[in-house]
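Peer 1: Sharing a structure here in structure tokens format.
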């Protein structure tokens, strides 16, 4: 294996001489770090040698699996033999579901909405019809389905498709009312066409409308029932090419369903009626009902209802038939929810749904349409849910859904991903979560049970945590590319419920979703869990297996501007302050504008946004609130959103920051240790000599921001970097300090923005709702970049006063060298800011664990300041051998254990992990990554060994230091869609791939990397997309995916009996090949539809590579290709023969014409 050596360079290099190239080139150069005195260190260091094992060959990006409910569903199909379900969506996606673990996602390249899906029952294939008038044949006999053929209609629009069971001819109805027939094997149109004007009576003067239904008679496959939108029904004889009968109804048809004997059919109509027709008397329906219509007293027809969009008519051998339909409710109840009606005999059951019904299917025991159907379940596809109703029980219970389709139960606001976590966590979380299972489900097994799935080679535990807009947090078992919910935590339970009508007297800063989870921090080893909410609070949770009834401890922290600190701008440079404030009536907005310091009534001061429950609260086993920390209003100004969060169980500390400053809280002693403005953290080490600005400078910056803030989209663009990046209030010092080093300045940009909003409209109230994720994210323009601060793109909109505004963007607890040339590591808190500054704070903890509960913890600035370009995103620490060192942690113990002995109370701390690292030398490496660049510093000398400028034109949204193949690397996701990995500690680029354009805020907020080459993001409001950047996992992915197709015998048709065969149907066998084949029907017009071969054949070979299956697949495809070529050759030969025949005939005619003529007669 190739070795990569690096040597510690001598200090003495200045901060102005970084060697790293820009924009993704080699970044292994030298840089400098700014120190308190402004000079670089000059201490020599010994030579070291570290072997980096990762190379670019270890990396490859591919999608692994998609979880969740298909976004914007449009179509539904079921294979009754294979027992798999397919769902099509408006975005051109298809999700295929079988038994738990069998979940496949595929996408049409065109992105056109899926109109209809049809399985080739028990054939391992699926036909999709899309809104761009294309038909596609998907091969499901491989783990990743691929398109075998496509057929694009050029002159007609597809409205309905029907594929009879065990037929290779697909009927396609169009908007013009014509019916075409497609050969499924070759995907070529037949010359046989049923034109609308031939189907309807000649005396009919109006067009019947689009084809809304096609089905062959269960009694005779040679008869096709065609339903037209205007109410015309045609029973077409395919052999004689004429209509056997026509029926007319004065209401539009939405769907048609056959009785299995083929003598009757039922139609649903736009007036909420169901009509039952008999083939023997087609003049009028022999039964008409409006199931939900009110019966009139005078015997008139019941009043019309909403349209019945679909009806299914299913027969049973031993009971009355089932009639299932959607819609049809009365108009006089406008607030009724969407419903599915089940009519069984005289009983009518209405099942109300939480969301609109997209489609439904009745699952039956037999795939044969001419047998008793024996329905046993109804699959109902809703806009945001999938439910299955059990028809075998009289109360129609629903089945418990085994799929993770409730991810979006409340909108996802943040995600965290943990791979290779402690193995005992999953069973423990499941055990506490299983106690909350709902009752009342059907006791039958889930009916969608097709496919096959095995665990695969990957066995390490994985956990995904999702935070939601309603304050809930869900823990998911994500091992082996599956997803199963383990445990749900409701963080809103620690607060009092907001009573209706009290909104104006509370201190809430968010109108919608005040409990939305904004950030999460989890330590799997100690099981400490911490959430930061959108209403400026932090909750620390401990895990316990025992129920407890206790009061919730709470703390309040002031981290805000004081009124007297506000510096009113000079009148000649800006409009007067009262005029600006009059435009803003209140401050209850998440953007936290501080243009106003007074509000209606009394000024809010020292009030938290939410009220913590004061009474004892019953806490079930699981995560129990240990401490609630709330930022409070200060002199009428609302607290700002939290932008960074870190917890350490060994230290017993939680730290969080926002755009105003930093707070550190001791959650063991329940005390606030530090509440300080960002500027005060520097002390005398502030590298920016910040002075009060001149009016000229104020105007210059205000103009830049005014230009930027004309578009709210640009503000949203900035917000993807930091939840508070649009705040416009100034920097605030610690409430305990005697003087404010820099007051708030109000520039003309504040006023112009307030004026644009208009009176009575708080800034960005709606858009800032945590659940509002549908925000476009444009690429940063050159104009935006020109207006940005030279050191940091993030500061272009994140503040008006760039000199006094500095958000805390990253926090990290670790055992480190706090000061230059320290001889031993000590407890530290690393603080990263939005201006690229890194401040190290020293933590002075009690010497012994016995004193931890009584002795105070001291937090003090160390004086060390390091610099990077752009807002700091992440920290990590490597030991002198280049191994990633874990943060110190406390080994988990149950806080409410019945064992009260001294051993139970004694804390077990792990300060160095791996344990050998404490004996491995006297130095370490600090890895720091910002939006723009990554740096590796040697500690304690604070020498910048390596710097890599990751991007100049864009900015990073996420960066994580992760382990892969027993080594370590830095993984980055950039706003321009690139995923990059860099080696550590030398920061060599290993991977740079343009993977995913950031089209909206949702991707930016939820993208995260984890160990073992895995990552995820929210691809839609309802779906999580997982991907891998590991070559090894890409190679093994095929073994981990489920099989969609499994060999199953098609059930035999029931014996119809002699008499039924003789009198019950057509004795003549129906040969579709003879009727629709080219020999009889001829060729269809080439301009009507275009055949496009797909890539499914090649994919099929890859999927089945190796062994006999691979050989057979390759042989089959070779035969197909050979057959296709022979077919083409045959066509050309036939064409040449026809041409030769025509020439011969013409020559013969000429010869006969001039045969008996003399030469002088020519």
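Residue numbers (my numbering): 91 to 1252.
Quick reminder that beta carbons are idealized off the backbone N, C-alpha and C, glycines included.
Let me make sure I understand the geometry here. Which of 1073, 732 and 949 has the alpha-carbon closest to that of residue 929?
Peer 2: Here the closest residue by C-alpha is 949.
Peer 1: What is the rounded straight-line gap between the Cα of residue 338 and the Cα of residue 467?
Peer 2: Residue 338 and residue 467: Cα-Cα distance of roughly 33 Å.
Peer 1: Contact between the region 1096–1115 and the region 484–498 is defined here as three or more beta-carbon pairs at a separation below 8 Å; is this criterion met?
Peer 2: Touching, per the Cβ criterion.
Peer 1: Once the 5 residues before and after residue 1073 are set aside, which same chain residues still bring their CB inside 7 Å of it?
Peer 2: 142, 144, 1059 and 1080, listed in sequence order.
Peer 1: Just checking: is the beta-carbon of residue 482 within a distance shorter than 7 Å of some beta-carbon in chain B?
Peer 2: You won't find chain B in this structure, because it holds only one protein chain.
Peer 1: Tell me whether residue 1039 is buried or exposed, calling it buried when 16 or more other Cβ atoms sit within 10 Å of its Cβ.
Peer 2: With 16 or more other Cβ atoms within 10 Å, it is buried.
Peer 1: Using three-state DSSP, classify residue 1073 as helix, strand or coil.
Peer 2: Residue state, collapsed to three classes: strand.
Peer 1: Give me whichever residues DSSP pairs with residue 612 in a beta bridge.
Peer 2: In DSSP, residue 612 forms a bridge with 619.
Peer 1: Taking 7 Å as the cut-off, decide whether the C-beta atoms of residue 1128 and residue 1118 are in contact.
Peer 2: Not a contact, by the Cβ cut-off of 7 Å.
Peer 1: Inspect the CB distances between the region 505–513 and the region 154–166 and report whether three or more fall short of 8 Å.
Peer 2: No: the two stretches stay apart, fewer than three of their Cβ pairs being nearer than 8 Å.
Peer 1: Can you tell me the Cα-Cα spacing of residue 566 and residue 551, whole angstroms?
Peer 2: So the alpha carbons of these two residues sit roughly 11 Å apart.
Peer 1: In the structure shown, what three-state DSSP assignment does residue 422 receive?
Peer 2: Residue 422 falls in the coil class under three-state DSSP.
Peer 1: How about residue 364 and residue 379: are their beta carbons less than 7 Å apart?
Peer 2: Yes, these two residues count as a Cβ contact at 7 Å.
Peer 1: State whether the region 721–738 contacts the region 694–713, with contact taken as three or more CB pairs (one from each stretch) at a distance under 8 Å.
Peer 2: Output reads yes: the region 694–713 touches the region 721–738.
Peer 1: Drop a sphere of 10 angstroms on the beta-carbon of residue 1182, count the other beta-carbons inside from all chains shown, and report buried for 16 or more, exposed for fewer.
Peer 2: Looking at its Cβ environment, which holds fewer than 16 other Cβ atoms inside 10 Å, residue 1182 is exposed.
Peer 1: Flag this pair as touching only if the region 708–717 and the region 626–645 have three or more C-beta atom pairs under 8 Å; answer yes or no.
Peer 2: Flag = yes, the region 708–717 and the region 626–645 touch.
Peer 1: Quick test of your reading: residue 1032 and residue 969, contact by CB under 8 Å. State the CB separation rounded to the nearest angstrom.
Peer 2: The Cβ separation is near 17 Å, so there is no contact.
Peer 1: Please list the terminal residues of the continuous alpha helix (DSSP H) segment that includes residue 772.
Peer 2: First-last of the alpha helix (DSSP H) with residue 772: 768–772.
Peer 1: Leaving out five residues on either side along the sequence, give the residues of the same chain with a beta carbon under 8 Å from the beta carbon of residue 1136.
Peer 2: Contacts found: 172, 540, 541 and 542.
Peer 1: Using three-state DSSP, classify residue 523 as helix, strand or coil.
Peer 2: The answer is helix: DSSP assigns residue 523 an H, G or I state.
Peer 1: Going by DSSP in three states, residue 1079 sits in which element: helix, strand or coil?
Peer 2: If DSSP states are grouped into helix, strand and coil, residue 1079 belongs with the strands.
Peer 1: Using only CA atoms, which one of 1045, 897 and 916 lies nearest to residue 906?
Peer 2: For residue 906, the nearest C-alpha among the options comes from 916.
Peer 1: At what residues does the alpha helix (DSSP H) containing residue 1124 begin and finish?
Peer 2: Per DSSP, residue 1124 belongs to the alpha helix (DSSP H) from 1121–1130.
Peer 1: Can you tell me whether residue 193 is helix, strand or coil according to DSSP?
Peer 2: Correct three-state label for residue 193: strand.
Peer 1: Quick one: give me the first and last residue of the beta strand (DSSP E) that residue 400 is part of.
Peer 2: 398–404 is the extent of the beta strand (DSSP E) around residue 400.
Peer 1: Would you kindly work out how many angstroms separate the C-alpha atoms of residue 611 and residue 190, rounded to a whole number?
Peer 2: Using only the alpha carbons, I get a separation of about 30 Å.
Peer 1: Identify the residues that DSSP records as bridge partners of residue 475: which are they?
Peer 2: Answer by DSSP bridge pairing: none, since residue 475 is not bridged.
Peer 1: Of all the options 259, 326 and 305, which has the alpha carbon lying nearest to the alpha carbon of residue 291?
Peer 2: Of 259, 326 and 305, the residue nearest in Cα terms is 326.
Peer 1: On the DSSP letters alone, give me the boundaries of the beta strand (DSSP E) that residue 919 sits inside.
Peer 2: Per DSSP, residue 919 belongs to the beta strand (DSSP E) from 916–923.
Peer 1: Which of the three DSSP states, helix, strand or coil, is assigned to residue 287?
Peer 2: Helix, per DSSP.
Peer 1: From 999, 959 and 914, pick the residue whose C-alpha is nearest to that of residue 1022; which is it?
Peer 2: Checking every option, the nearest Cα to that of residue 1022 belongs to 959.
Peer 1: So what does residue 558 bridge to, in DSSP terms?
Peer 2: Per DSSP, 502.
Peer 1: Quick one: what's residue 250 bridged to in DSSP?
Peer 2: Answer is 263, bridged to residue 250.
Peer 1: I'd like the list of long-range same chain contacts for residue 1293, defined as Cβ closer than 6 Å, with 5 residues on each side in sequence excluded.
Peer 2: Shown here, the chain extends from 91 to 1252; a query on residue 1293 therefore has no answer.
Peer 1: May I ask you to report which of helix, strand or coil DSSP gives residue 148?
Peer 2: Note: residue 148 maps to helix in three-state DSSP.
Peer 1: Could you name the residues of the same chain whose beta carbon sits closer than 8 Å to that of residue 702, not counting the 5 residues immediately before and after it, in chain order?
Peer 2: The residues are 584, 585, 586, 642, 644, 718 and 720.
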